[in-house]
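Residue 0 is where the sequence shown starts when you use numbering that gives the first Met the number 0, and the numbers rise one by one after that.
Glycine included, each C-beta is placed from N, C-alpha and C at the ideal position.
Everything on this sheet refers to the single structure shown next.
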Amino acid sequence: MQLSFRSLHINWAVALALFACVLILYSTRIVSRRVAIFVAITASFTLVAALLMYEVVVGLAILPFLVVFARQGRGALKDIHVKWDLFALWICAIASWAWYFVWAIRTGSQYQLTALSGPNSVMAAAGALASAGFYRAFYECWIELFETTVNSLSSFVYPLSFFTLIAISLAYLATRSFDRSTIVDNMLPARIALVGLVAFILGYSPYLLINSHLIITQRTFLAAAVGAGLVIFAGLIFLSTIRPVLLVIFGSLLVTGCFVAQLYQFDKYNRIYATTTKPLLVAVIPFISSSAQHPYFSTV
Numbered sequence: 000m001q002l003s004f005r006s007l008h009i010n011w012a013v014a015l016a017l018f019a020c021v022l023i024l025y026s027t028r029i030v031s032r033r034v035a036i037f038v039a040i041t042a043s044f045t046l047v048a049a050l051l052m053y054e055v056v057v058g059l060a061i062l063p064f065l066v067v068f069a070r071q072g073r074g075a076l077k078d079i080h081v082k083w084d085l086f087a088l089w090i091c092a093i094a095s096w097a098w099y100f101v102w103a104i105r106t107g108s109q110y111q112l113t114a115l116s117g118p119n120s121v122m123a124a125a126g127a128l129a130s131a132g133f134y135r136a137f138y139e140c141w142i143e144l145f146e147t148t149v150n151s152l153s154s155f156v157y158p159l160s161f162f163t164l165i166a167i168s169l170a171y172l173a174t175r176s177f178d179r180s181t182i183v184d185n186m187l188p189a190r191i192a193l194v195g196l197v198a199f200i201l202g203y204s205p206y207l208l209i210n211s212h213l214i215i216t217q218r219t220f221l222a223a224a225v226g227a228g229l230v231i232f233a234g235l236i237f238l239s240t241i242r243p244v245l246l247v248i249f250g251s252l253l254v255t256g257c258f259v260a261q262l263y264q265f266d267k268y269n270r271i272y273a274t275t276t277k278p279l280l281v282a283v284i285p286f287i288s289s290s291a292q293h294p295y296f297s298t299v
């Protein structure tokens, strides 16, 4: 997804939606009401821009409310009630996009109409969510990560060096004294895991409406990966409550494995381009250029 220009708007939409979520959550921590409202308005406009750019990121619109629940637990409703004006601006942004979506359907927009032609039943969508969504996000991707790091690497010097640097950094951070007042109750990992599952379902569900998207594993998981990442993050927080050394080990393995897999993907696509795509283009372009002056239909 990082290599093709045709997916640039998808990456930007996901990034803008996440940035908007960060802004609206940040506005709830600002003391000055005027500044908080200004930041919330900026967040709302940023969300609308992301939705108009790539509408499937609407699943991320609920993320700020989920984060407040993960952070506060039972006190989430009280926190939202106190900051009601900020969240009202956020809801207005979602409502504005929903109005545009309905208007586009009524005017016959094929893009929005196509998005509504999906599985025929709720059971079919639930089955696709389990087989295509949960299976790939929480099982298949980790199997591929293991196979990449174990079977596809010719040398382990660089991964081990990177792992050592990450482990030393995390061990240093683990030995520092932090403000213990920021530690929340023991249910925090469970709430984050629950929020992650809900965020994953909401991020992946829009693709259940288009059957062709269920067989691909690129753009369909960009928004949903946020929720899957929160589930993994909840596991790391749980490990930190047992022994910090477990957090250092598993955190280092996780960062190193994902870093190596990302570099492997870049190298894989670069080799495909160098060995296949570029030679084909070099061979075909001269024929296209020479036939431009003599179109086929003019000789028929």
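When the options are compared against residue i, the one with the closest alpha-carbon
{"i": "residue 306", "options": "39, 73, 201", "result": "What is shown of the chain runs 0 to 299, which leaves residue 306 out entirely."}
{"i": "residue 167", "options": "271, 249, 97, 272", "result": "249"}
{"i": "residue 193", "options": "174, 231, 221", "result": "231"}
{"i": "residue 125", "options": "219, 208, 285", "result": "208"}
{"i": "residue 137", "options": "88, 173, 196", "result": "196"}
{"i": "residue 134", "options": "270, 33, 154, 200", "result": "200"}
{"i": "residue 226", "options": "69, 52, 28, 41", "result": "69"}
{"i": "residue 12", "options": "30, 37, 52", "result": "52"}
{"i": "residue 7", "options": "221, 189, 254, 270", "result": "221"}
{"i": "residue 154", "options": "263, 254, 241", "result": "263"}
Cβ separation of residue i and residue j, assumed to be a contact under 8 Å, to the nearest whole Å
{"i": "residue 35", "j": "residue 26", "result": "5 Å"}
{"i": "residue 161", "j": "residue 265", "result": "About 15 Å separates the two Cβ atoms, so there is no contact after all."}
{"i": "residue 158", "j": "residue 152", "result": "7 Å"}
{"i": "residue 50", "j": "residue 96", "result": "4 Å"}
{"i": "residue 251", "j": "residue 169", "result": "6 Å"}
{"i": "residue 191", "j": "residue 233", "result": "4 Å"}
Alpha carbon of residue i to alpha carbon of residue j, nearest angstrom
{"i": "residue 132", "j": "residue 203", "result": "7 Å"}
{"i": "residue 235", "j": "residue 246", "result": "6 Å"}
{"i": "residue 277", "j": "residue 198", "result": "40 Å"}
{"i": "residue 59", "j": "residue 228", "result": "13 Å"}
{"i": "residue 219", "j": "residue 76", "result": "31 Å"}
{"i": "residue 127", "j": "residue 282", "result": "42 Å"}
{"i": "residue 146", "j": "residue 224", "result": "20 Å"}
{"i": "residue 243", "j": "residue 142", "result": "26 Å"}
{"i": "residue 91", "j": "residue 106", "result": "22 Å"}
{"i": "residue 280", "j": "residue 10", "result": "27 Å"}
{"i": "residue 17", "j": "residue 273", "result": "34 Å"}
{"i": "residue 104", "j": "residue 57", "result": "17 Å"}
{"i": "residue 33", "j": "residue 86", "result": "14 Å"}
{"i": "residue 237", "j": "residue 64", "result": "22 Å"}
{"i": "residue 175", "j": "residue 139", "result": "36 Å"}
{"i": "residue 188", "j": "residue 150", "result": "33 Å"}
{"i": "residue 253", "j": "residue 271", "result": "27 Å"}
{"i": "residue 21", "j": "residue 101", "result": "27 Å"}
{"i": "residue 241", "j": "residue 186", "result": "14 Å"}
DSSP-derived helix/strand/coil call for residue i
{"i": "residue 25", "result": "helix"}
{"i": "residue 106", "result": "coil"}
{"i": "residue 269", "result": "helix"}
{"i": "residue 155", "result": "coil"}
{"i": "residue 306", "result": "No statement about residue 306 is possible, as the shown extent of the chain runs from 0 to 299 and does not include it."}
{"i": "residue 186", "result": "coil"}
{"i": "residue 31", "result": "coil"}
{"i": "residue 73", "result": "helix"}
{"i": "residue 287", "result": "helix"}
{"i": "residue 277", "result": "helix"}
{"i": "residue 135", "result": "helix"}
{"i": "residue 53", "result": "coil"}
Proximity of residue i and residue j at Cβ, strictly below 8 Å
{"i": "residue 67", "j": "residue 84", "result": "no"}
{"i": "residue 14", "j": "residue 46", "result": "no"}
{"i": "residue 206", "j": "residue 55", "result": "yes"}
{"i": "residue 172", "j": "residue 256", "result": "no"}
{"i": "residue 260", "j": "residue 148", "result": "yes"}
{"i": "residue 23", "j": "residue 89", "result": "yes"}
{"i": "residue 74", "j": "residue 184", "result": "no"}
Any non-hydrogen atom of the ligand SAM closer than 7 Å to residue i Cβ
{"i": "residue 96", "result": "The model on display carries no ligand, and the ligand SAM is accordingly not part of it."}
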